[in-house]
Amino acid sequence: MGTGSLAGQVGLVTGAGRGIGREIAIGLAAEGMMVGLVGRTHATLTETLRECVRHGSRGVAVSADVTRPGNVREAVRTVQRDLGPIDLLVNNAGEIDHVEVPLWEADPNQWWHVLETNLRGPFNLLRTVLPGMVERGGGRVINMNSGFALRPDGVYTAYATSKAALLKLSDNIADSLAEHHVVVLDISPGAVRTDMTAAMPMFADKKDWGSVAYMVAVAVDAARGRFDALHGRFVHAGRDDLETLCARAAEIREADARTLRLRPYGPDDPVV
Numbered sequence: 036m037g038t039g040s041l042a043g044q045v046g047l048v049t050g051a052g053r054g055i056g057r058e059i060a061i062g063l064a065a066e067g068m069m070v071g072l073v074g075r076t077h078a079t080l081t082e083t084l085r086e087c088v089r090h091g092s093r094g095v096a097v098s099a100d101v102t103r104p105g106n107v108r109e110a111v112r113t114v115q116r117d118l119g120p121i122d123l124l125v126n127n128a129g130e131i132d133h134v135e136v137p138l139w140e141a142d143p144n145q146w147w148h149v150l151e152t153n154l155r156g157p158f159n160l161l162r163t164v165l166p167g168m169v170e171r172g173g174g175r176v177i178n179m180n181s182g183f184a185l186r187p188d189g190v191y192t193a194y195a196t197s198k199a200a201l202l203k204l205s206d207n208i209a210d211s212l213a214e215h216h217v218v219v220l221d222i223s224p225g226a227v228r229t230d231m232t233a234a235m236p237m238f239a240d241k242k243d244w245g246s247v248a249y250m251v252a253v254a255v256d257a258a259r260g261r262f263d264a265l266h267g268r269f270v271h272a273g274r275d276d277l278e279t280l281c282a283r284a285a286e287i288r289e290a291d292a293r294t295l296r297l298r299p300y301g302p303d304d305p306v307v
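Residues in the sequence shown are numbered from 36 upward in steps of one, following our numbering.
Below is the structure:
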């Protein structure tokens with residue numbers, strides 16, 4: 036039973052037709068948030084919308100390709116027209132390399148499609164939604180990220196590169212957004228079972244999947260403002276002790292931790 040803690044707010048979730056995006060949208064609706072559902076397949080979005088409405092929430096489903104700026108602008112206009120100004124943006128839509136091969140064997144078109152979906156897509160949403168948040172002096176953004184952003188991977192080069200770039204994008208905009216009380220977080224759900232992850236050969240024998248329900252709870256808490264002190268930082272919902280992260284948020288900011296950096300090899304290293 037929801038508490039209605041997000042009543043009166045409006046969220047926009049991309050990739051809301053299935054997987055984690057669908058579950059997050061329903062979880063937000065259960066807490067009273069009005070939800071704009073964006074994705075490529077109208078039928079699956081409509082199914083998600085039905086579930087959101089069952090919780091008493093208002094919503095709208097809009098078919099759009101997040102890689103196309105015109106599609107995104109129209110989708111955002113529709114959500115704002117039907118529901119109101121957007122308080123929460125969840126950049127969830129994503130793609131992964133179709134096959135586990137090294138870069139020199141990858142399909143160039145598919146490789147770039149992953150980059151476009153995972154980086155250009157969030158950029159298009161940010162570019163369209165952030166002006167309203169900045170003007171109103173508040174808002175929150177969740178960029179759905181991955182542990183792949185933080186470690187090299189020789190056979191998922193498009194996905195890993197795109198997620199690292201997304202993490203760096205959040206880092207680059209964090210300071211300027213802080214001036215306007217807009218919070219951006221990169222949250223990794225860990226390895227939870229979805230159509231996408233289940234199709235990855237590296238997870239073929241995996242049994243210990245993470246909890247989708249827990250990721251939904253984390254997203255709802257982020258919408259409530261629980262993690263605002265971690266603005267601009269990376270949170271691994273599948274592994275982190277979130278209470279510890281929140282308690283040590285000031286220390287994390289002081290140490291400039293939970294970000295991507297080129298670390299010097301010693302005091303005589305001229306890198307800056």
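Virtual Cβ for every residue (Gly too), placed ideally from N, Cα, C.
The beta carbon of Leu297 lies closer than 7 Å to those of Val306 in the same chain, with the five residues before and after it left out. Ranked by Cα distance from Cys281, the first of Leu265, Val169, Arg293 is Leu265. Under a 10 Å Cβ-count criterion, Ser223 is classified as buried, with 16 or more other Cβ atoms of the shown protein chains found around its own Cβ. Distances from the alpha-carbon of Ile208 to those of Ala292, Ala184, Phe158, His271 put Phe158 closest. When Ala42, His90, Asn106, Arg85 are compared, the shortest CA-CA separation from Thr49 is found for Asn106. The Cβ neighbour count for Ser197, taken over all protein chains shown within 10 Å, is at least 16; the residue is labelled buried. Look at the region 246–298 and you find these whole runs of alpha helix (DSSP H), each 4 residues long or longer: 247–259, 277–282, 284–289. A Cβ-Cβ separation of about 19 Å leaves Gly182 out of contact with Thr152 under the 8 Å criterion. The alpha carbon of Ile59 has as its nearest neighbour, out of Arg293, Asp304, Glu109, Asn178, the alpha carbon of Asn178. Distance from the Cα of Pro137 is smallest, within the candidate group Tyr191, Leu202, Thr163, for Tyr191. Judged by DSSP in its simplified three-state form, Ala128 adopts coil rather than helix or strand. Per DSSP, Met168 is one residue of the alpha helix (DSSP H) stretching across 156–171. Counting other Cβ atoms within 10 Å of its Cβ, Ser40 stays below 16 and is therefore classed as exposed. Between Arg175 and Val218 a beta carbon distance of about 5 Å is seen, short of the 8 Å cut, so the two are scored as contacting.
In this structure, Gly43 lies away from Leu72, with their beta-carbon atoms at least 8 Å apart.
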